[in-house]
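Numbering of the sequence shown is given in full-length UniProt numbering, commencing with residue 1 and proceeding in unit increments. Read through the structure below, which is laid out as structure tokens, and then see the notes.
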Amino acid sequence: MTTPHTVVLVDDHELIRQGLAHAFDRHDDFAVVGEAGSVSEGHRLVNDLKPTVVVTDVRLPDGTGLDLVRELRKTDDEVGIVVLTMYAGDEQLFEALEAGASAFVAKDAPSDDVVAAARHATVSPRSFTAANLADAMRRRMTPSGPQLSPREAEVLRLLAEGLGVAAIARQLFVSESTAKTHISKIYEKLGAANRAQAIMNAIRAGLLSDDSPV
Numbered sequence: 001m002t003t004p005h006t007v008v009l010v011d012d013h014e015l016i017r018q019g020l021a022h023a024f025d026r027h028d029d030f031a032v033v034g035e036a037g038s039v040s041e042g043h044r045l046v047n048d049l050k051p052t053v054v055v056t057d058v059r060l061p062d063g064t065g066l067d068l069v070r071e072l073r074k075t076d077d078e079v080g081i082v083v084l085t086m087y088a089g090d091e092q093l094f095e096a097l098e099a100g101a102s103a104f105v106a107k108d109a110p111s112d113d114v115v116a117a118a119r120h121a122t123v124s125p126r127s128f129t130a131a132n133l134a135d136a137m138r139r140r141m142t143p144s145g146p147q148l149s150p151r152e153a154e155v156l157r158l159l160a161e162g163l164g165v166a167a168i169a170r171q172l173f174v175s176e177s178t179a180k181t182h183i184s185k186i187y188e189k190l191g192a193a194n195r196a197q198a199i200m201n202a203i204r205a206g207l208l209s210d211d212s213p214v
């Protein structure tokens with residue numbers, strides 16, 4: 001019988017780790033050997049257990065999964081690394097690629113997609129795969145998503161930081177009416193009805209990073 005590939009799961013939500021563990025348990029070629037809830041714990045487990053594959057969330061209490069990817073890649077070219085994220089925008093995809101991940105999977109994807117990504121990672125740990133990689137590359141070469149002016153991008157950043165109309169107007173030394181106009185144009189370009197929707201759509205379009213508050 002072939003020895004199964006060993007897997008370490010890194011996610012600060014126990015239910016998600018359990019779900020992933022069950023998904024891997026259904027396949028004879030994988031065995032989950034460790035679970036961690038932080039970057040530091042994940043790094044320690046990987047050093048101790050030497051797994052074939054690491055599956056890590058992006059958002060972790062003491063950093064990001066990408067920090068873990070970079071740390072692991074400094075010393076190990078052979079470990080497969082699958083990055084999971086709630087916000088699978090182009091910016092996040094390219095950050096995972098540049099960090100040295102083997103695969104990038106959205107958290108709302110079927111669990112079998114995570115297993116398939118892990119299987120790819122065991123064979124080609126330094127070859128990156130993602131469901132929409134080709135489309136993301138095309139968008140990077142010829143941007144076709146929402147195009148914000150520099151001032152609108154600045155207003156979007158302030159909205160993401162939680163500032164209201166009055167505070168944005170003061171920050172940019174413009175009238176509240178002008179600030180409202182910028183916000184309206186941003187909502188229109190992003191197809192959003194409110195601030196939270198605008199931020200979520202901006203993250204998906206790669207206009208904001210996924211650590212922006214909502």
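Heads up, the beta-carbon is just placed ideally off N, CA and C, and yes, glycines get one too.
Contact annotation, residue 129 with residue 99: C-beta distance approximately 14 Å; criterion of less than 8 Å not satisfied. In this structure, DSSP gives residue 79 a state outside helix and strand, which the three-state scheme calls coil.
By a beta-carbon distance limit of 8 Å, residue 79 does not contact residue 42. Their separation comes to about 12 Å. The three-state secondary structure of residue 94, taken from DSSP, is helix.
Taking all protein chains shown into account, residue 3 has fewer than 16 neighbouring C-beta atoms within 10 Å of its C-beta and is therefore exposed. Around the Cβ of residue 84, a 10 Å sphere holds 16 or more other Cβ atoms; the residue is buried. For the 8 Å CB-CB criterion, residue 39 and residue 82 do not form a contact. The residues 208, in chain order, have a CB closer than 8 Å to that of residue 157 in the same chain once the five nearest residues on each side in sequence are set aside. Taking residue 187 as reference, the option from 155, 163 and 176 with the minimal CA-CA separation is 155. Just measuring C-alpha positions, the residue of 74, 65, 116 and 196 sitting nearest residue 162 is 196.
Here the C-alpha atom of residue 50 lies approximately 13 Å from the C-alpha atom of residue 35. Taking the Cβ atoms as the reference, residue 61 lies roughly 6 Å from residue 12, within the contact range of under 8 Å. The DSSP-derived three-state label of residue 115 is helix. Note on residue 92: 16 or more other CB atoms within 10 angstroms of its CB, so buried under the neighbour-count rule. Per DSSP, reduced to three states, the secondary structure at residue 41 is helical.
In the structure shown, residue 85 adopts extended strand secondary structure according to DSSP, grouped into three states. Counting along the chain, the unbroken alpha helix (DSSP H) around residue 24 starts and ends at 14 to 25. Cβ neighbours of residue 5 within its own chain (closer than 7 Å, five residues either side excluded): 29, 30, 52, 53 and 122. Per DSSP, reduced to three states, the secondary structure at residue 123 is helical. Around the beta carbon of residue 64, 16 or more other beta carbons sit within 10 angstroms, so the residue counts as buried. By the Cβ-count criterion, residue 47 is exposed, with fewer than 16 other Cβ atoms from all chains shown falling within 10 Å of its own Cβ. Residue 206 has its alpha-carbon roughly 23 Å from the corresponding atom of residue 164.
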